[in-house]
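Engineer: Residue numbering for the sequence shown follows the numbering used here, beginning at 4 and increasing consecutively.
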Amino acid sequence: MSKQILVLPGDGIGPEIMAEAVKVLELANDRFQLGFELAEDVIGGAAIDKHGVPLAD
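1) Starting from residue 27 and walking both ways along the alpha helix (DSSP H), at which residues does that stretch end?
2) The beta strand (DSSP E) with residue 8 in it runs from where to where?
3) Determine the direct distance from the alpha carbon of residue 6 to that of residue 45, and round the result to whole angstroms.
4) Tell me, which residues are paired with residue 42 by DSSP?
5) May I ask you to report which of helix, strand or coil DSSP gives residue 52?
Below, the structure written as structure tokens:
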């Protein structure tokens, strides 16, 4: 069964940190065949700029 992980780089933990974390998750997923998919959106100030609200649906 596939699992989905939502990655939300935002104000507290910046996009540059999350980009590196995503690389680690992708490597672990490939190496150990964990079977998850990553989806990404923004939160906080970046979400307000993009969606007009701090956390979109």
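The beta-carbon is built from N, C-alpha and C at its ideal position, and this holds for glycine as well.
All values reported here derive from a predicted model rather than from experimental measurement.
Structural biologist: By the coordinates alone:
1) 18-35
2) 6-10
3) 20 Å
4) 9
5) helix
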